[in-house]
Amino acid sequence: MTATTDKDLFALLGKFKQQQKMPPIEDWNPARVGEIDILINNKGEWFHEGGYFERQDLARMFASILRREGDDYFLVTPADKLKIQVEDVPFSVVLMSVSDDEINFITSLGDEIKVGSEHPLEFRHSTDLIPYVMIRNNLWAKINQNTYYELMNLAQETAEGFEIVSGDYRVKIPA
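The numbering of the sequence shown is the numbering used here, which starts it at 92 and goes up by one.
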């Protein structure tokens, strides 16, 4: 039995990334609007009628048709627009890597992004300072605890305080 490194795990999870284009949900305006009993908890875990989504490929498929409008989240198809409940944000960053001085994140559903102007990183206050990153179309991911510690190890001290740098992108860590 061989040992699995973080890099191996990152590559394996990266295989979940959809190779096809995302559906054009921003162009869809279905006439039927309703609700469905789907909840995404504050850890980015998906539930239907109280039961955990055992098949992550199904959660990934639903995530590809997820749209945010104001504070509400909807699963959108050409025929239907179904409101779901999201406790915080719909995604959770579970792994991080650094290559060519750029920070790469991967979510629990396999979305892989590079932190930068297209995928900005921001820090939000609740009881603690928590980093979030935009995945796509104003859909955000919370950085999980293990990844948070990895990220904070990259903090650089400047005259103005600490910051995170990914390529040419810089974000100040609030005090």
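Ideal Cβ placement from N, Cα and C applies to all residues, glycine included.
Proximity to residue i [Cα-Cα], best of the options
i: Ala250; options: Asn237, Asn244, Thr238, Ile264; result: Ile264
i: Asp219; options: Ser190, Val184, Ala266; result: Ala266
i: Val124; options: Leu130, Gln236, Ile175; result: Ile175
i: Ile226; options: Leu157, Gly161, Gln247, His216; result: Leu157
i: Asn195; options: Phe138, Tyr260, Arg159; result: Tyr260
i: Asp148; options: Gly252, His210, Ser188, Asp202; result: Asp202
i: Val262; options: Tyr164, Asn120, Gly207; result: Gly207
i: Arg162; options: Pro181, Ser190, Ile234; result: Sequence check: residue 162 is Asp here, not Arg. When each option's Cα is compared against that of Asp162, the closest is Pro181.
i: Glu160; options: Asn120, Glu136, Phe144, Asn235; result: Asn120
i: Pro211; options: Ser217, Ile234, Ser190; result: Ile234
i: Lys112; options: Tyr223, Met152, Gln236; result: Met152
i: Asp192; options: Phe144, Tyr143, Leu245; result: Leu245
i: Val224; options: His139, Met243, Glu209, Tyr164; result: Glu209
Pair within 9 Å by beta-carbon distance, residue i and residue j
i: Asn287; j: Asp179; result: The displayed coordinates of the chain run from 92 to 266. Any statement about residue 287 would go beyond what the structure contains.
i: Leu173; j: Glu126; result: yes
i: Val184; j: Leu130; result: no
i: Leu186; j: Thr238; result: yes
Residue range of the unbroken alpha helix (DSSP H) whose run includes residue i
i: Arg158; result: That residue, Arg158, is in no alpha helix (DSSP H); its beta strand (DSSP E) goes 157-160.
Whole-angstrom C-beta distance between residue j and residue i, which should lie under 8 Å
i: Thr198; j: Ala232; result: 5 Å
i: Ser155; j: Lys205; result: No, Ser155 and Lys205 are not in contact; Cβ-Cβ is about 20 Å, not under 8 Å.
i: Gln247; j: Glu254; result: 6 Å
i: Glu140; j: Asp128; result: 5 Å
Residue interval of the beta strand (DSSP E) (run including residue i)
i: Thr249; result: 247-249
i: Thr198; result: 193-198
i: Ala170; result: First-last for Ala170: undefined, no H or E at that position.
i: Ala75; result: Nothing can be reported for residue 75: it is not among the residues displayed for the chain, which extend from 92 to 266.
i: Phe138; result: 137-139
i: Arg215; result: 212-216
i: Met225; result: 220-227
i: Arg261; result: 260-263
i: Asp128; result: 123-131
i: Glu187; result: Rather than Glu, the amino acid found at residue 187 in this sequence is Met. 182-190 is the span of the beta strand (DSSP E), which, as asked, contains Met187.
i: Phe253; result: 252-257
i: Ile204; result: 203-205
Interface flag, residue i vs chain D, CB-CB below 9 Å
i: Glu251; result: Annotation note: the requested chain D is absent from the structure, which comprises a single protein chain.
Sufficient close CB pairs (3 or more, under 8 Å) joining the region 114-129 to the region 159-176:
Counting Cβ pairs under 8 Å, three or more are found: they touch.
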